[in-house]
Amino acid sequence: MTPVDLHCHSNVSDGLLPPREVVRVAAERGCKMLALTDHDDTRGLADAEDEATRRGVQFINGVEVSVSWGKHTLHIVGLGFDRDHPAMVAGLSTVRAGRFERAERMSASLAKVGIEGALEGAQKHADNPEILSRTHFARFLVETGRAKDTKSVFHKFLIRGKPGYVEHEWARLHDAVDWIRAAGGVAVLAHPARYDMGNETMRVLLTEFKRLGGEAIEVVSGVHGVHEAARFGRLAEEFGYLASSGTDFHATGEGARDPGLNPDLPMGCTPVWQRWLEAA
Ligand code: AMP
Ligand code: MN
Ligand code: MN
Ligand code: MN
1282 MTPVDLHCHS NVSDGLLPPR EVVRVAAERG CKMLALTDHD DTRGLADAED EATRRGVQFI
1342 NGVEVSVSWG KHTLHIVGLG FDRDHPAMVA GLSTVRAGRF ERAERMSASL AKVGIEGALE
1402 GAQKHADNPE ILSRTHFARF LVETGRAKDT KSVFHKFLIR GKPGYVEHEW ARLHDAVDWI
1462 RAAGGVAVLA HPARYDMGNE TMRVLLTEFK RLGGEAIEVV SGVHGVHEAA RFGRLAEEFG
1522 YLASSGTDFH ATGEGARDPG LNPDLPMGCT PVWQRWLEAA
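Residues in the sequence shown are numbered from 1282 upward in steps of one, following the numbering used here.
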């Protein structure tokens, strides 16, 4: 196991725990290096860093930027950037600005199948009013008996072609990479196995992301199985990417693993966190 976690969420986005609690759980699991990577928002980083320092965990600034790439939605994790950099601050604020209007359309889409009050229901679950996400709608749908848990919600609702899903324009890939790099960070393609694309499209993406300045891909992820980690470990080597590792923790019981520990990277991968170990 690797005591590094470079992808997890707090209640600043769609996780259930406050930033300090995420750090506490990770530290208790033996984590030595942690990045908090909330969706489109960095306001949890100061508390998380303070708590990590108290607990002797090396803290890395993080964020998970929502991106539209053609018809695909991608997630780009930024790591190790200056969280006060104006390009980053302004960029993230434009991404957040679209979320409320999208939530209204999601709610209208659910109303068409007889599910009323979804916007208000989702808002009750969102601690940060600027980050209203599908996860908050999923929690509302579980609460009102439409599915047994958040995972099963995403079979019947909130995915393309199902009630509650709406198209949305997120940041452009090159903008997200530019904000991260302008702020001195590393751009990482999050959970690549999660995207609904064939191998050829994935290779186009890996080529383009590299050209735009992307430096790493998540090889080990809480949403990857062993075969997916092996596949993306090979692709990282082939395309010259560093490898990242993160649980994508949101809440105990909602995902595969608690924050803190990840399986080791496959042989041949170069860890993206090497530079921060050397800096420490
Ligand atoms: P949004 O950024 O509002 O589109 O919400 C995306 C979030 O929804 C992801 O970060 C996950 O937390 C959650 N999500 C999306 N698809 C699934 C799924 N199939 N199972 C569980 N959670 C999902
Ligand atoms: Mn999420
Ligand atoms: Mn994601
Ligand atoms: Mn995530």
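A virtual CB, placed ideally from N, CA and C, is assigned to each residue, including glycine.
On a predicted model such as this, the values are computed, not experimentally measured, just so you know.
Asked, Found
"First through last residue of the alpha helix (DSSP H) which encompasses G1479", "Taken as a continuous stretch (DSSP letters only), G1479 belongs to no alpha helix (DSSP H), as it is neither H nor E."
"Contacting residues, own chain, Cβ-Cβ under 7 Å from R1324 (five flanking each side not counted)", "V1293"
"Expected contact under 8 Å - CB spacing of F1418 and M1387 to nearest Å", "6 Å"
"Three-way DSSP call (helix, strand, coil) for T1283 in this model", "strand"
"Inter-residue spacing [alpha-carbon to alpha-carbon] between V1304 and V1344", "15 Å"
"Nonlocal neighbours in the same chain, by C-beta distance under 7 Å from W1451, ignoring five residues either side", "S1347, V1348, S1349, T1354, V1376"
"7 Å Cβ shell around S1414 - same chain, five flanking residues per side excluded", "S1294, D1295, H1320"
"Selection from R1310, P1299, C1312 that minimises the alpha carbon distance to A1329", "P1299"
"Inter-residue Cα distance where the pair is A1474 and A1407", "27 Å"
"Inter-stretch contact (C-beta, 8 Å, three-pair minimum) for the segment 1437 to 1456 and the segment 1498 to 1510", "no"
"Per-residue DSSP class, three states only, for R1505", "As written in the sequence, residue 1505 is His, which differs from the Arg given in the question. Coil, per DSSP."
"Stretch-stretch touch, CB-based, cutoff 8 Å, three pairs: the segment 1428 to 1438 with the segment 1308 to 1320", "no"
"Bridge partner(s) assigned by DSSP for V1358", "E1345, V1469"
"Cβ-heavy atom distance, H1356 to ligand 3, below 7 Å", "yes"
"beta-carbon S1347 near ligand 2 non-hydrogen atom, thresh 7 Å", "no"
"Option in V1458, E1499, G1479 with minimal Cα separation from D1545", "E1499"
"C-beta atoms of V1485 and N1543 nearer than 8 Å", "no"
"Between the CA atoms of E1309 and G1494 - distance to the nearest angstrom", "35 Å"
"C-alpha gap between K1393 and H1356, whole angstroms", "29 Å"
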